[in-house]
Amino acid sequence: MLEKPAQTKVTIHNIIAKRWSPCAFESGKPIKREELLALLEAARWAPSCYGDQPWRYIVCDKKTNLSAWVKLLSCLADANQVWAKNAPLLILVTHINNFGHNGRINRWAAYDTGASVENLILQAVSMGLMAHSMGGFDITKVGEIFNIPPDFTAMTVIAVGHQAELTVLDSNLKERELATRERLPLNKLFFEGDWKNPIAS
Ligand SMILES: Cc1cc2nc3c(=O)[nH]c(=O)nc-3n(C[C@H](O)[C@H](O)[C@H](O)COP(=O)(O)O)c2cc1C
0 MLEKPAQTKV TIHNIIAKRW SPCAFESGKP IKREELLALL EAARWAPSCY
50 GDQPWRYIVC DKKTNLSAWV KLLSCLADAN QVWAKNAPLL ILVTHINNFG
100 HNGRINRWAA YDTGASVENL ILQAVSMGLM AHSMGGFDIT KVGEIFNIPP
150 DFTAMTVIAV GHQAELTVLD SNLKERELAT RERLPLNKLF FEGDWKNPIA
200 S
């Protein structure tokens with residue numbers, strides 16, 4: 000199976016290095032209930048500002064709730080549907096906009112929700128699964144179809160499943176799947192003590 004490990008100057012945790020966002024999913028291999036629960040437990044235990052836990056997920060498992068899965072798939076951008084149709088699990092990620100304890104805008108809600116998603120994704124990788132986040136979906140449509148309350152924001156859809164061979168992809172997607180993963184260098188992202196001092200590595 001295609002692997003695209005992160006290229007690093009020093010060793011990082013294998014699970015972090017191993018994670019990437021594939022498009023090739025095995026359509027005939029569902030996610031077991033215990034696996035799903037482990038993913039959700041990992042997401043649940045993310046840190047959050049004031050311990051507010053602003054994230055709310057709607058799980059659409061093709062095996063147990065085909066109609067919800069079909070509905071969520073239909074909300075994705077066409078370019079995402081092409082490959083996400085093979086993912087057995089689609090998860091809609093939302094967050095509440097205001098703090099529970101005082102009703103004020105929670106400006107860390109998206110930050111916390113991203114942390115919970117990364118927990119879920121790394122848990123998935125640790126169990127031999129793969130996950131791919133998507134911002135390309137119709138936010139109005141998901142709000143209507145899934146009865147999302149007005150004080151919540153839909154953030155992403157995550158496709159989860161087992162990785163498949165490249166043969167499930169068309170030639171464009173195959174090319175994308177094989178492309179090198181790029182990152183900015185450490186010294187463009189991180190600074191030592193002051194914005195003017197890029198980190199030496
Ligand atoms: C918030 C968010 C939205 C994304 N939206 C899409 C998307 O709509 N379609 C897609 O194919 N990939 C999407 N991606 C995946 C990114 O393109 C991918 O994470 C990035 O190119 C880095 O590649 P890697 O995850 O393999 O390291 C999204 C990722 C994130 C975190």
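For the sequence shown, numbering that gives the first Met the number 0 gives the first residue as 0, with consecutive numbering after it.
All residues carry an ideal CB built from backbone N, CA and C; glycine is no exception.
Bear in mind the structure is a predicted one, so any value in this text is a computation, not a measurement.
So what's N105 in DSSP terms, helix, strand or just coil?
coil
Within this structure, are the beta carbons of P184 and F190 separated by less than 9 Å?
no
Below 8 Å on the Cβ atoms is my guess for V141 versus L91; work out the distance and round it to an integer in Å.
6 Å
Suppose only complete runs of 3+ residues qualify. What are the beta strand (DSSP E) ranges in the region 103-147, listed by chain order?
129-133
K187 to P149 span [Cα, whole Å]:
38 Å
Classification of V69 by the beta-carbon crowding that lies within 10 angstroms, buried from 16 upward
exposed
Going by the C-beta, is G102 closer than 8 Å to any heavy atom of ligand 1?
no
Taking just the CA atoms, how far does I30 sit from A86?
10 Å
For S170, is the classification buried or exposed, using 16 other Cβ atoms within 10 angstroms of its Cβ as the cut-off for buried?
exposed
Does the Cβ of N79 lie closer than 8 Å to at least one heavy atom of ligand 1?
yes
Residue range of the beta strand (DSSP E) that includes V159:
151-160
Please state whether the Cβ-Cβ distance between M129 and S20 is less than 9 Å.
yes
Does ligand 1 have a heavy atom nearer than 8 Å to the CB of A76?
yes
Less than 9 Å between the C-beta atoms of I95 and I120, yes or no?
no
With V92 as the anchor, note down where its beta strand (DSSP E) starts and where it stops.
88-95
Which same chain residues end up closer than 7 Å to A108 when comparing Cβ atoms and leaving out the 5 residues on each side of it in sequence?
P53, H94, I95, N96
What are the partner residues of W54, as DSSP defines its beta bridges?
H94
Nonlocal neighbours in the same chain, by C-beta distance under 8 Å from E176, ignoring five residues either side:
L1, P21, C22, A23, L165, L168
What is the DSSP secondary structure of L1, reduced to helix, strand or coil?
coil
Rounded to whole angstroms, what's the CA-CA distance from E34 to S125? Just pull it up for me.
11 Å
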